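There are 2 protein chains.
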Amino acid sequence: MESKLSKAEKTRQFIIETTADIFNTKGYAGTSMSDITDATRLTKGSIYGNFENKEDVALAVFEHNYSKVRQVIRERIAQATTFHQKLMVYVQVYDHFTRTAHFPRGGCPILNTSTEADDTNPLLKERAAKAVLEWKQNIQDLIKEGINAKEFKFDVDDERIALSLIALIEGGIMIAKVTDSQSNLNRVMKTAELLIKMIRV
Amino acid sequence: MESKLSKAEKTRQFIIETTADIFNTKGYAGTSMSDITDATRLTKGSIYGNFENKEDVALAVFEHNYSKVRQVIRERIAQATTFHQKLMVYVQVYDHFTRTAHFPRGGCPILNTSTEADDTNPLLKERAAKAVLEWKQNIQDLIKEGINAKEFKFDVDDERIALSLIALIEGGIMIAKVTDSQSNLNRVMKTAELLIKMIRV
DNA sequence: ATGGTAATATACCAATCGGTATTTTTTATT
DNA sequence: AATAAAAAATACCGATTGGTATATTACCAT
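So the sequence lines, in the order shown, correspond to chains A and B. If you're matching positions, the first sequence starts at 1 in full-length UniProt numbering and goes up one per residue. If you're matching positions, the second sequence starts at 1 in full-length UniProt numbering and goes up one per residue.
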């Protein structure tokens with residue numbers, strides 16, 4: 001019965017997990033320390049014993065939410081055989097993202113964190129930017145590999161496609177959430193599918 | 001020297017205009033009443049004499065920011081001759097939206113308000129949703145008219161195109177802002193241009 | 001079992017939060 | 001110029017904010 005995690009590390013993880021949805025729905029400014037203590041049933045002393053401040057919790061929570069999403073994507077991409085299928089994983093995942101429990105409540109953490117932090121919180125912004133650029137790079141890599149495998153046209157603008165795919169997904173999520181209509185996202189994903197089809201040889 | 005606006009109406013307008021950028025950058029939760037009094041150099045008594053509460057100011061500010069953007073778009077669309085050109089107005093405007101003074105600081109108010117309010121503030125969410133659906137309808141109308149004018153293919157899925165265009169723009173803005181790269185938005189707008197080209201006969 | 005340490009809880013802080021009741025000032029009408 | 005009404009300023013409210021210093025508890029190695 002050995003646990004690798006120390007008591008503090010376990011508590012830290014517990015705090016992150018139980019406040020993940022709160023930060024992702026209410027945002028950084030909208031989440032208070034008492035929200036955190038209420039949800040975790042811990043006291044301020046415990047929170048501040050494991051984190052420097054509220055921002056530190058928010059950063060850890062973003063990390064958690066982001067990697068949760070990334071993991072789901074990564075697994076499905078690994079299973080896909082063709083590069084077309086691999087790209088289509090994004091479309092499929094977000095095509096019914098309302099239902100998947102893989103997603104933290106409150107929608108895409110990248111979208112939420114980016115739009116709130118881009119003018120207010122340099123650290124959160126930096127972290128969100130890194131996530132976007134990593135995501136972009138992953139898509140570009142898939143496209144390049146697809147080109148090498150003669151699956152995609154040789155002259156595809158991988159950067160443009162990657163950014164457009166991300167934009168369609170994030171913009172689509174925004175629309176779907178504010179209009180309470182998953183089908184709106186589905187329609188946008190249809191265009192994403194088209195975009196992916198177009199780069200095939 | 002008669003002014004149509006009463007004193008109160010002028011003050012109200014003044015408050016809206018001088019806090020427009022604050023709400024659009026810091027968000028609803030991130031903007032405090034003291035932010036408002038500091039910026040306007042007015043007192044709480046004056047603010048609460050002209051608005052019910054903070055939410056009421058935020059709603060008026062959104063209205064202001066949104067109609068400011070809408071006006072720019074509307075004017076340019078009116079000047080465009082073909083329906084293709086009219087649709088391309090969106091691409092052109094957002095293609096250098098960082099520079100245009102027509103835009104409130106902090107980016108697109110629809111994107112900002114939607115992502116913050118969708119899980120927290122029903123009134124702001126409702127207003128943002130209305131804006132998205134109005135925008136969508138405007139694009140759909142342009143497409144339909146373009147079809148009637150034999151400029152666009154008769155079997156175009158106007159709803160899908162409209163939603164995808166909005167998603168590309170809003171998603172592109174999010175990416176550009178968080179990565180501090182206007183060129184990232186330009187690349188996404190390139191895809192938007194392609195999307196518009198594709199529906200032409 | 002014990003002592004040291006790690007972790008959590010308690011109690012408290014000044015500052016700020018959104019909001020209101022009241023007073024003062026400004027404006028418009030006569 | 002006098003006056004009533006409208007608008008803005010002042011002064012205040014309890015509650016909550018993020019954060020800290022200190023006390024208490026839980027844990028672990030000896």
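Glycine is no exception: its CB is placed at the ideal position from the N, C-alpha and C atoms. The model shown is predicted, which means the values in this text are computed figures rather than measured ones.
Asked, Found
"Reference Ile-110(B), options Phe-152(B), Ser-67(B) and Arg-74(B), closest by Cα", "Ser-67(B)"
"As assigned by DSSP and simplified to three states, the class of Phe-62(A)", "helix"
"Opposing strand residues paired with Arg-200(A) [DSSP bridges]", "Phe-152(A)"
"Three-state class that DSSP yields for Asn-112(A) in the structure shown", "helix"
"Among Gly-30(A), Ala-29(A) and Asn-53(A), nearest to Ile-15(A) - alpha-carbon criterion", "Asn-53(A)"
"Interface residues of the stretch 110-142 of chain B facing chain A [CB-CB below 7 angstroms]", "Leu-111, Asn-112, Ser-114, Thr-115, Glu-116, Asp-118, Asp-119, Thr-120, Lys-125, Ala-128, Ala-129, Val-132 and Leu-133"
"Proximal residues of chain B, C-beta to C-beta of Leu-168(A) below 8 angstroms", "Ser-164, Ala-167, Leu-168 and Gly-171"
"DSSP state of Glu-2(B) mapped onto helix, strand, coil", "Bear in mind that the predicted position of Glu-2(B) carries a pLDDT of just 41, short of 50, making it unreliable; the figure below should be weighed with that in mind. If DSSP states are grouped into helix, strand and coil, Glu-2(B) belongs with coil."
"Same chain, Cβ closer than 8 angstroms to Met-33(A), five either side skipped, listed in chain order", "Lys-44, Ile-47 and Lys-54"
"Partners in chain B for Met-174(A), counting only beta-carbon separations shorter than 7 angstroms", "Leu-111, Ser-114, Thr-115 and Glu-170"
"Buried versus exposed, by CB contacts within 10 Å (16 or more), Asp-119(B)", "buried"
"At least three beta-carbon pairs within less than 8 angstroms, the stretch 186-199 of chain A to the stretch 162-180 of chain B", "yes"
"Cα-Cα separation, Glu-2(A) to Asn-24(A)", "Unreliable placement is indicated for Glu-2(A), whose pLDDT of 40 sits below 50; the coordinate value is still reported in the next sentence. Each residue's alpha carbon lies about 33 angstroms from the other."
"Closer than 9 angstroms to chain A by CB, Gly-106(B)", "yes"
"Test item: CB-CB of Met-88(B) and Thr-115(A) under 9 angstroms", "no"
"Outcome for Ala-117(A) when other beta-carbon atoms lying within 10 angstroms are tallied against a minimum of 16", "buried"
"Pairwise C-alpha distance: Met-198(A) and Glu-17(B)", "45 angstroms"
"Residue from Ala-60(A), Ala-176(A) and Val-93(A) with nearest C-alpha to Gly-106(A)", "Ala-176(A)"
"8 angstroms Cβ cut-off: residues of chain A touching Gly-146(B)", "Correct list: empty, because the minimum Cβ distance to chain A is about 18 angstroms."
"9 angstroms Cβ cutoff, Leu-195(A) in contact with chain B", "yes"
"Of the residues Ala-8(A), Asp-180(A), Thr-81(A) and Ala-60(A), the one placed nearest Thr-19(A), counting alpha carbons only", "Ala-60(A)"
"Neighbour list for Glu-159(A) in chain B, Cβ cutoff strictly below 7 angstroms", "Arg-187"
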